[in-house]
Amino acid sequence: MTIRVVAKSYVKPEKTQEFLGLCRKLVEASLKDEGCIDYGLYQELENSGNLTFLEEWKDEKSLDQHLNSSYFKEIFPLLSEYLEKETEVNVYRKTL
Numbered sequence: 002m003t004i005r006v007v008a009k010s011y012v013k014p015e016k017t018q019e020f021l022g023l024c025r026k027l028v029e030a031s032l033k034d035e036g037c038i039d040y041g042l043y044q045e046l047e048n049s050g051n052l053t054f055l056e057e058w059k060d061e062k063s064l065d066q067h068l069n070s071s072y073f074k075e076i077f078p079l080l081s082e083y084l085e086k087e088t089e090v091n092v093y094r095k096t097l
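Numbering-wise, this note's numbering puts 32 at position 31 of the sequence shown, and it's gapless, one number per residue.
(1) Here's a check: name, in chain order, each residue in its chain whose Cβ is nearer than 7 Å to the Cβ of GLU29, leaving out the five neighbours to either side.
(2) Please name the residue or residues paired with GLN44 in a DSSP beta bridge.
(3) State the beta-bridge partners of VAL12 as determined by DSSP.
(4) Identify the residues that DSSP records as bridge partners of ILE4: which are they?
(5) CA-CA distance, TYR72 and GLU35?
(6) Given a cut-off of 8 Å on the beta-carbon distance, is the pair TYR40 and GLU85 in contact?
Encoded structure:
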């Protein structure tokens, strides 16, 4: 069964463009990962500082490989300096 990740970030308004620049690299690299079905960053319509990664992975193994990749370990920690509060991450397994 596929795995879906929803990672919601609350970005400081003055840091949005810098955050997006780092995220662009993360999205481009992630889409090349084996087992990546979809990976994108979405901006909330009513609050442009709320940005959410929506990801879909073939299985848990694919997600684990992504989380342990060198580019993820390099980029993801850098994102925290642009946030108003910690990213909310929820992981789901498709059941139906």
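Cβ atoms here follow ideal geometry from the backbone N, Cα and C, with glycine treated the same way.
Bear in mind that the values here come from a model prediction, so they are computed numbers and not experimental data.
By the coordinates alone:
(1) Residue mapping note: residue 29 aligns to position 28 of the sequence shown, counting from 1. Short of 7 Å from the beta carbon of GLU29, and not among the five residues preceding or following it, lies no beta carbon of its own chain.
(2) Looking up residue 44 in the sequence shown gives position 43. Answer is LEU52.
(3) Within the sequence shown, residue 12 is the residue found at index 11, counting from 1. Beta-bridge annotation (DSSP): VAL12 is paired with LEU84.
(4) Position 3 of the sequence shown, counted from the start, is the residue given in the question as residue 4. According to the DSSP secondary-structure assignment, ILE4 is paired through a beta bridge with TRP58 and ARG94.
(5) In the sequence shown, the residue the question calls residue 72 occupies position 71. In the sequence shown, the residue the question calls residue 35 occupies position 34. Taking the straight line joining both Cα atoms gives about 14 Å.
(6) Here the question's residue 40 lines up with position 39 in the sequence shown. Here the question's residue 85 lines up with position 84 in the sequence shown. Their beta carbons are not under 8 Å apart, which means TYR40 does not touch GLU85 by this criterion.
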